[in-house]
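Protein chains in written order, with the numbering used here: chain A, 2 to 401; chain B, 2 to 401. Backbone N, C-alpha and C define an ideal beta-carbon position, used for all residues, glycine too.
The following block contains the structure:
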């Protein structure tokens, strides 16, 4: 926590009227115009820029980005299995070292105003705990710069590779924050076995769950039903996230809406990338039903694909474009998915722009909130717990 | 045409090996490494940046952007008709002056490396020839900076507003380049009448056609059939573009593929925005069938929506994301849609990166071609006919 008092002059919280914001001991202590700084106070002139709470990257893969490794043409074929196998091979051939790479991506994200990251981290019988150990080191190295939550993620399958469940258990014992899962039907060919194992692990360690669900249409809907049954049986309401949930973009809108209502009742969260080439959950439907929708970059420039830059303000734009959002209200909701909703899903305490909230803040130019989303200019200033961690788009720590 | 000889040192044409490129009298005259400049030659150090032929904005609306007018919240309701009527009202209330606004957008585009623009320009019984006159003045003012093609566009309907066809005729007589059309079924409620009028006008002036087709699914497919009949009857093969063609993203893929084959046979082009929230033509299907697919920004920050910035390199990324393109070959094709294919559709002579081609060029950093697409950094240098028109992302002419 920052010992020093900080004063942000002439900033517009969430795009509202210009005011000043005082930070004491790492927390927002006072918001009012024309504050007179105390002599020992650091002053940051905001020039009427918009102040947002720190952006929340709620779904990514820190351990596998190729950022900073030189451009490498995409190699994998179109299927999910192709991508998984190609990545397993390239991890060795290219030396995709999880600590170095997660440092690079996390610092990139800090530069773009992200103050909290939920990262799925691969564990399988090939790479073992390498990913977990590498990202854990990054989490430690960047403590105070960005909050990193680690999801123990069985990328290559859970039951179909004996030994993986033990690795997941080891990761949870070693400090992983969330139990991951992946396509219970199509990956493990044993939805009951897969989900029972995931929920048992979560119960054992008292941790939340985040399950990748790429399964389309009725197959994915079936997996959602199976997940819902277990959310109720294990009283995990409010502690389970389904990532992607492409099936909620299914053609049968009545079926999808009924599932969304059940997800709302079970307080299951959805994480989306707003993929433009897949069906995706309809953001407005989730909002209307009361389901918390958060967002993430997913993989950034990795063996899965060449896109991405970690900018969660740009992600809000993608979410808006994907959902045909045009009004201030709708695009503002897209930004909430990349801020407040991500904080809800990650269970961040004291998140927001009110007195008493942690001073996790990002300053960005814009005539209005929506202007900031659609133009997503370079972030002027990023603070974590009241300390400056990035200026002019760059983390104060150099990329390794 | 530039009288002065120009030498681009250390550039990588289309991402290939580093070389030098000599420009004489506005045309590429020699491409080879280690050229020794003549004494009267301007030298531009490329620092191994990628050289692309000028980006082609093949579908936009220069007359109606709000760029530079201060942020204005979106007002229109969700339907096409809402958007059209809201825009008609706001054009007066907000004074969306076509010359000023088209200058702003065109200069924005030049800064991002665009050297040719096809702009639909509204004409209706309310705004009359104002748009045409304003964009014509811009075309004249920016001659030598960017090629602007004007499509006489009946945005509010053609037959349903008597007098509009006469305005279209007047525009064609006054120097419009392309005859526009719009949703022959759903807008005019008279597909035969609409298309007969459009094709007759094109025949009268010997000009190509570009028809906006938002009509979904089988309705749009029916309009495509009606268009195809007239392409053959009027021997307009190679001179007709269908913009959007959302219906080609219809669920019945066999039906869509059959239509695409007929479009290929009639040499009809497709222009796309790669909208993430609508069905869109499958870019690979068009490519495989031999249909020329070009791309555009559509409206940029206007009464239709808040998005857009005129960056056709970023548009190539959107096209890639929308079509699930990941390999160098596929993303490279997305870039071709925003360069060569746009030039084909606009009938640009001497377009390209070979000796003899016009020196319409853009220089951009990137480890590879695909890296330049996904990161779309600020354009270092833009040339039109061998003259520098933009540096570091900014047109040399200031925005009005």
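Runs of beta strand (DSSP E) wholly within the region 209-286 of chain B (minimum 3 residues, chain order): Counting whole runs of 3 or more residues, the region 209-286 of chain B contains the beta strand (DSSP E) stretches 210-214, 241-245 and 270-273.
Relative to chain A, which residues along the region 364-376 of chain B have a C-beta separation below 9 Å, given in chain order? Listed by position, the residues of the region 364-376 of chain B near chain A (Cβ gap below 9 Å) are 367, 368, 369, 371, 372, 374, 375 and 376.
Simplified DSSP assignment, three categories, for residue 10 of chain B: Taking the second chain and counting its residues from 1, one reaches residue 10 of chain B at position 9. Residue 10 of chain B: strand per DSSP, three-state reduction.
On the criterion of 16 or more Cβ atoms from any shown chain inside 10 Å, does residue 5 of chain A qualify as buried, or is it exposed? Looking up residue 5 of chain A in the first chain gives position 4. Under this definition residue 5 of chain A is an exposed residue.
Based on Cα-Cα distance, which residue from B:186, B:341 and B:250 lies nearest to residue 361 of chain B? Reading the second chain from its first residue, position 360 is the one you call residue 361 of chain B. Among B:186, B:341 and B:250, the Cα nearest to that of residue 361 of chain B is on B:341.
Once DSSP output is grouped into helix, strand and coil, what is the label at residue 329 of chain A? Working through the first chain from its first residue, we reach residue 329 of chain A at position 328. Assignment of residue 329 of chain A by DSSP, reduced to helix, strand and coil, places it in the helix class.
Is it buried or exposed for residue 190 of chain A, if we count other Cβ within 10 angstroms and need 16 for buried? The residue you call residue 190 of chain A lines up with position 189 of the first chain. Its Cβ having fewer than 16 others within 10 Å, residue 190 of chain A is exposed.
Please name the residue, chosen from B:289, B:117, B:70 and B:109, that lies closest to residue 55 of chain B on a Cα-to-Cα basis. As a working note, residue 55 of chain B is residue 54 in the second chain. Residue 55 of chain B has its Cα closest to that of B:117, out of B:289, B:117, B:70 and B:109.
Contact between the region 22-38 of chain B and the region 150-157 of chain A is defined here as three or more beta-carbon pairs at a separation below 8 Å; is this criterion met? By the Cβ rule, the region 22-38 of chain B does not count as touching the region 150-157 of chain A, because fewer than three pairs are nearer than 8 Å.
Taking the beta carbon of residue 388 of chain B as the centre, do at least 16 other beta carbons fall within 10 Å, making it buried, or is it exposed? Reading the second chain from its first residue, position 387 is the one you call residue 388 of chain B. Residue 388 of chain B comes out buried.
I want to verify the contact list: residues of chain A whose CB lies under 7 Å from the CB of residue 189 of chain B, in sequence order. As a working mapping, residue 189 of chain B is identified with position 188 in the second chain. Residue 189 of chain B does not reach chain A, its nearest Cβ partner there being about 25 Å away, counting only Cβ pairs nearer than 7 Å.
Leaving out the 5 sequence neighbours to the left and right, which residues in its chain are closer than 6 Å to residue 40 of chain B when beta-carbon positions are compared? Here the question's residue 40 of chain B lines up with position 39 in the second chain. For residue 40 of chain B, there are no CB contacts under 6 Å within the same chain when 5 residues up- and downstream are skipped.
Could you confirm whether any beta carbon from chain B is found closer than 8 Å to the beta carbon of residue 245 of chain A? As a working mapping, residue 245 of chain A is identified with position 244 in the first chain. Not an interface residue.
Would residue 306 of chain A pass as an interface residue toward chain B - the criterion being a Cβ-Cβ separation below 8 Å? By one-based count along the first chain, residue 306 of chain A stands at place 305. Yes, its Cβ sits closer than 8 Å to a Cβ of chain B.
Going along the chain, which residues of the region 317-335 of chain B sit with their C-beta nearer than 8 Å to a C-beta in chain A? For the region 317-335 of chain B, which is checked against every Cβ of chain A, the residues closer than 8 Å are 318, 319, 321, 322, 323, 324, 325, 327, 328, 329 and 332.
Contact set between residue 278 of chain A and chain B, taken where Cβ atoms lie within less than 8 Å: What you label residue 278 of chain A is simply residue 277 of the first chain in a count that begins at 1. The answer, in chain order, is 322, 323, 324 and 325.
Per DSSP, the bridge partner or partners of residue 42 of chain B: Within the second chain, numbered from 1, the residue matching residue 42 of chain B stands at position 41. Paired residue(s): none; residue 42 of chain B is not in a bridge.
Looking at the ligand SAH, does it come within less than 7 Å of residue 216 of chain A, judged from the CB to the closest heavy atom? The model on display carries no ligand, and the ligand SAH is accordingly not part of it.
Tell me whether the region 169-178 of chain B and the region 197-212 of chain B touch, counting them as touching only if at least three CB pairs, one residue from each stretch, are closer than 8 Å. Segments in contact, yes.
DSSP bridge partner residues for residue 162 of chain B (one or two, in chain order): One-based indexing of the second chain puts residue 162 of chain B at position 161. Bridge partners of residue 162 of chain B: none, in fact.
So is residue 402 of chain A in contact with chain B if we call contact Cβ pairs under 8 Å? Nothing about residue 402 of chain A can be read from this structure; chain A reaches only from 2 to 401.
DSSP state of residue 372 of chain A, grouped into three classes? Looking up residue 372 of chain A in the first chain gives position 371. In the three-state DSSP reduction, residue 372 of chain A falls in the helix class (H, G or I).
Can you tell me the Cα-Cα spacing of residue 115 of chain A and residue 302 of chain A, whole angstroms? Sequence index remark: in the first chain, residue 115 of chain A carries index 114 (1-based). Sequence index remark: in the first chain, residue 302 of chain A carries index 301 (1-based). CA-to-CA, the gap between residue 115 of chain A and residue 302 of chain A works out to about 18 Å.
Report the partner residues of residue 24 of chain A according to the DSSP bridge assignment. Reading the first chain from its first residue, position 23 is the one you call residue 24 of chain A. In DSSP, residue 24 of chain A forms a bridge with A:7 and A:29.
Under a three-way DSSP split, which group does residue 59 of chain A fall into? Along the first chain, one-based indexing puts residue 59 of chain A at 58. In the structure shown, residue 59 of chain A falls within a strand segment according to DSSP collapsed to helix, strand and coil.
My guess is that residue 133 of chain B and residue 122 of chain B are in contact by the Cβ rule of under 8 Å, so how many angstroms apart are they, rounded? Counted from its first residue, the second chain places residue 133 of chain B at position 132. Counted from its first residue, the second chain places residue 122 of chain B at position 121. Yes, residue 133 of chain B and residue 122 of chain B are in contact; Cβ-Cβ is about 5 Å, under 8 Å.
When you compare the CB of residue 71 of chain B with every CB in chain A, is at least one pair closer than 8 Å? Translated into the one-based positions of the second chain, residue 71 of chain B becomes position 70. For residue 71 of chain B, the answer is yes, since a Cβ of chain A falls inside 8 Å of its Cβ.
If you pair each beta-carbon of the region 269-276 of chain B with each one of the region 310-327 of chain B, do three or more pairs fall below 8 Å? Counting Cβ pairs under 8 Å, three or more are found: they touch.
Is DSSP giving residue 130 of chain B helix, strand or coil here? The count along the second chain starts at 1 and reaches residue 130 of chain B at position 129. If DSSP states are grouped into helix, strand and coil, residue 130 of chain B belongs with coil.
For residue 26 of chain B, is the classification buried or exposed, using 16 other Cβ atoms within 10 angstroms of its Cβ as the cut-off for buried? Mapped onto the second chain, residue 26 of chain B falls at position 25. Exposed: under 16 other Cβ atoms inside 10 Å.
Applying the 10 Å Cβ sphere with the 16-neighbour rule, what's the burial state of residue 94 of chain B? The residue you call residue 94 of chain B lines up with position 93 of the second chain. Under this definition residue 94 of chain B is an exposed residue.
In terms of alpha-carbon separation, which member of A:204, A:249 and A:236 lies closest to residue 224 of chain A? Within the first chain, residue 224 of chain A is the residue found at index 223, counting from 1. Minimum Cα-Cα distance from residue 224 of chain A among the listed residues A:204, A:249 and A:236 corresponds to A:249.
Pull up the CB-CB distance for residue 10 of chain B and residue 394 of chain B, whole angstroms please, since I reckon it's below 8 Å. Taking the first residue of the second chain as 1, we reach residue 10 of chain B at position 9. Taking the first residue of the second chain as 1, we reach residue 394 of chain B at position 393. Between residue 394 of chain B and residue 10 of chain B the Cβ distance is about 21 Å, and since that is not below 8 Å, they are no contact.
Give the secondary structure of residue 111 of chain B by DSSP, where H, G and I count as helix, E and B as strand, and everything else as coil. For the purposes of this step, residue 111 of chain B is identified with residue 110 of the second chain, where counting begins at 1. Residue 111 of chain B: helix per DSSP, three-state reduction.
Provide the residue span of the alpha helix (DSSP H) that contains residue 73 of chain A, from first to last. Along the first chain, read from residue 1 onward, the residue named residue 73 of chain A stands at position 72. Looking at the DSSP string, residue 73 of chain A is not in any alpha helix (DSSP H), and its letter there is neither H nor E.
N- and C-terminal bounds of the beta strand (DSSP E) containing residue 388 of chain B: For the purposes of this step, residue 388 of chain B is identified with residue 387 of the second chain, where counting begins at 1. According to the DSSP assignment, residue 388 of chain B belongs to the beta strand (DSSP E) that extends over 388-392.
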